[in-house]
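Residue numbers (the numbering used here): 20 to 415.
The beta carbon of each residue, even a glycine, is placed where N, CA and C say it ideally should be.
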């Protein structure tokens, strides 16, 4: 560059030329503006997730691809067939994180399959979650003519063995219509896919699931057709009864799913899926960086799966039913997303976990040898101690 050209440059331009000259002459390369530094994470990590082919598994794999491409970090995603198989590796330290579902709440509470003497309430913590454009809702075969939950009275409703996440959610929606399992004809199935095939084949009339899941598309394309039942957001009685059974639901108008669109939204409820969780004991710095790299690199994986859009910052739910890890709180506070209200809610959830842990220790100290007797005693003490501490036990 000529001296006259140099003098004519403004000061900012001179600084840019000097910086460029420095890079060329020294052979150094500076990071692009805004690029994240190398995260302080293990070079090899592992998560558990839902089964192969599920949206939860696909989203975890997409995040793993981002970690590999951006930071040369290998993420092994281990599919789990059920809630226990997803949480056991986390509990034993085989994986650092789990992309789990609403069973996270059941494990925190020590209920259903986690009321077993080998489990008990777990101090689980959230990092973040996916909250997409879909609902977790109940569909009926369109040929039934049923349009409300009250209309399911006397109808055939599926119950999936060893799947409380499905069955409790179905029970919550039945409550919206003022019904219980006693008001419908319960039909048992071995799994999620089998349940939806049961609707298609005419064995049952309704099913619970994610509006974007594959089986819902098959029902839509079948001769029976699909109709999603509404849980009207202005129906206070419906939502009071729903939340008394499933407090993990949030009101939402879904615009993505079988038979659903922007012009034909579905008014019902949803909950985060998947939920990225860790044990309370997980290293704070590891949790901080895991949360940070997912949020800062959202654009790298948001189109990998229809549900991946739910990881966006504006879609995060910071006042759900499971507390956030201190490492995640540190990051969310750093970016201005964490409020005093969220902090108060989080501390309340942590106190709830403390009450649950103390109640579990109390029952363990009673040396009850019989498994069934232990579980019955645990559920009794759990409800009593939560109520004494000012918390709603939800289940008794």
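(message) Would the segment 310 to 318 count as touching the segment 275 to 294 if we require 3 or more Cβ pairs under 8 Å?
(response) no
(message) Less than 8 Å between the beta carbons of residue 79 and residue 68, yes or no?
(response) Looking up residue 79 in the chain shown gives position 60. Looking up residue 68 in the chain shown gives position 49. It is a contact, given that the beta carbons lie within the stated cut-off.
(request) Can you give me the Cβ contacts of residue 45 inside the same chain, cut-off strictly under 7 Å, excluding the 5 residues immediately before and after it? (result) Looking up residue 45 in the chain shown gives position 26. In this predicted model, residue 45 has a pLDDT of only 31, less than 50, meaning its place in the structure is not dependable enough to derive any value.
(message) Looking at the strands, I want to know which residues DSSP matches up with residue 162.
(response) By one-based count along the chain shown, residue 162 stands at place 143. DSSP, once it has assigned bridges, lists no residue as partnering residue 162.
(request) Give the range of the beta strand (DSSP E) segment to which residue 148 is assigned. (result) Residue 148 sits at position 129 when you count from the first residue of the chain shown. Segment 143 to 148, the beta strand (DSSP E) holding residue 148.
(message) Please classify residue 71 as buried or exposed, where buried requires at least 16 other C-beta atoms within 10 Å of its C-beta.
(response) Here residue 71 corresponds to residue number 52 of the chain shown, with the count starting at 1. Residue 71 should be labelled exposed.
(request) Could you say if the segment 188 to 208 and the segment 223 to 240 meet the contact criterion of at least three C-beta pairs nearer than 8 Å? (result) yes
(request) Would you kindly check if the distance between the Cβ of residue 145 and the Cβ of residue 363 is under 8 Å? (result) Walking along the chain shown from the start, residue 363 turns up at place 344. Walking along the chain shown from the start, residue 145 turns up at place 126. No, they are not a contact pair.
(request) Compute every distance between the C-beta of residue 373 and the non-hydrogen atoms of the ligand ATP, then say whether any falls below 7 Å. (result) Summarising the ligand content, the structure contains no ligands, and the ligand ATP is consequently not present.
(request) Look at the Cβ atom of residue 64, then the Cβ atom of residue 92, and state whether they are nearer than 8 Å. (result) Walking along the chain shown from the start, residue 64 turns up at place 45. Walking along the chain shown from the start, residue 92 turns up at place 73. Yes. Within cutoff.
(message) Determine whether the beta carbon atoms of residue 413 and residue 266 lie at a separation below 8 Å.
(response) Stepping through the chain shown from its first residue, residue 413 is reached at position 394. Stepping through the chain shown from its first residue, residue 266 is reached at position 247. Yes, Cβ-Cβ distance for residue 413 and residue 266 is below 8 Å.
(message) Per the DSSP calculation, residue 246 is bridged to which residue(s)?
(response) Mapped onto the chain shown, residue 246 falls at position 227. BP columns for residue 246 point to 159.
(request) Quick one: grab the DSSP three-state call for residue 320. (result) The sequence position of residue 320 within the chain shown is 301, counting from 1. Of the three classes helix, strand and coil, the one that applies to residue 320 here is helix, per DSSP.
(request) Measure the alpha-carbon distance for residue 158 versus residue 206 and round it to whole angstroms. (result) Counting from one through the chain shown, the residue named residue 158 turns up at place 139. Counting from one through the chain shown, the residue named residue 206 turns up at place 187. Cα to Cα, the separation comes out at about 16 Å.
(request) Note down the Cα distance separating residue 41 from residue 351, rounded to an integer number of angstroms. (result) Within the chain shown, the letter at position 22 stands for residue 41. Within the chain shown, the letter at position 332 stands for residue 351. Reliability fails at residue 41, whose pLDDT of 29 lies under 50, so the model's placement of it is uncertain and the value that follows must be treated cautiously. Their backbone Cα atoms lie some 36 Å apart in a straight line.
(request) Report all residues from its chain with a CB closer than 8 Å to the CB of residue 57; omit the five preceding and five following residues, and keep chain order. (result) Along the chain shown, one-based indexing puts residue 57 at 38. Counting only residues of its own chain and dropping the five nearest sequence neighbours on each side, residue 57 has a CB closer than 8 Å to the CB of 90.
(request) Leaving out five residues on either side along the sequence, give the residues of the same chain with a beta carbon under 8 Å from the beta carbon of residue 37. (result) One-based indexing of the chain shown puts residue 37 at position 18. The pLDDT assigned to residue 37 is 33, lower than 50, so where the model puts this residue is not dependable; a value taken from the coordinates is nonetheless given after this. Here the set comprises nothing.
(request) Within its chain, find whatever has a CB closer than 8 Å to the CB of residue 134; leave out the 5 residues flanking it on each side and keep chain order. (result) As a working note, residue 134 is residue 115 in the chain shown. So the qualifying residues of the chain are 394, 397, 398.
(request) Could you check the C-alpha separation between residue 169 and residue 233 for me, to the nearest Å? (result) Residue 169 sits at position 150 when you count from the first residue of the chain shown. Residue 233 sits at position 214 when you count from the first residue of the chain shown. Going by the C-alpha atoms only, they are around 27 Å apart.
(request) Look at the alpha carbon of residue 165 and the alpha carbon of residue 171, and state the distance between them as a whole number of angstroms. (result) The sequence position of residue 165 within the chain shown is 146, counting from 1. The sequence position of residue 171 within the chain shown is 152, counting from 1. Those two C-alpha atoms are separated by around 7 Å.
(message) Assuming contact is defined by CB atoms lying nearer than 8 Å, are residue 336 and residue 150 in contact in what I supplied?
(response) For the purposes of this step, residue 336 is taken as the residue at position 317 of the chain shown. For the purposes of this step, residue 150 is taken as the residue at position 131 of the chain shown. In contact: residue 336 and residue 150 (Cβ atoms closer than 8 Å).
(request) Check the DSSP bridge columns for residue 207 and list the partner residues they point to. (result) In the chain shown, the residue the question calls residue 207 occupies position 188. Partner(s): 178.
(request) Quickly, what does DSSP pair residue 288 with across the bridge? List them, please. (result) Against the chain shown, residue 288 aligns to sequence position 269. BP columns for residue 288 point to 270.
(message) Could you compute how far the alpha carbon of residue 245 sits from the alpha carbon of residue 354?
(response) The residue labelled residue 245 in the question sits at position 226 within the chain shown. The residue labelled residue 354 in the question sits at position 335 within the chain shown. Each residue's alpha carbon lies about 42 Å from the other.
(message) For the structure I just gave you, are there three or more beta carbon pairs, one from the segment 208 to 225 and one from the segment 178 to 185, closer than 8 Å?
(response) yes
(message) Would residue 301 and residue 252 be called neighbours here (beta carbons separated by less than 8 Å)?
(response) The sequence position of residue 301 within the chain shown is 282, counting from 1. The sequence position of residue 252 within the chain shown is 233, counting from 1. No; because the gap between Cβ atoms is not below 8 Å, this pair is not in contact.
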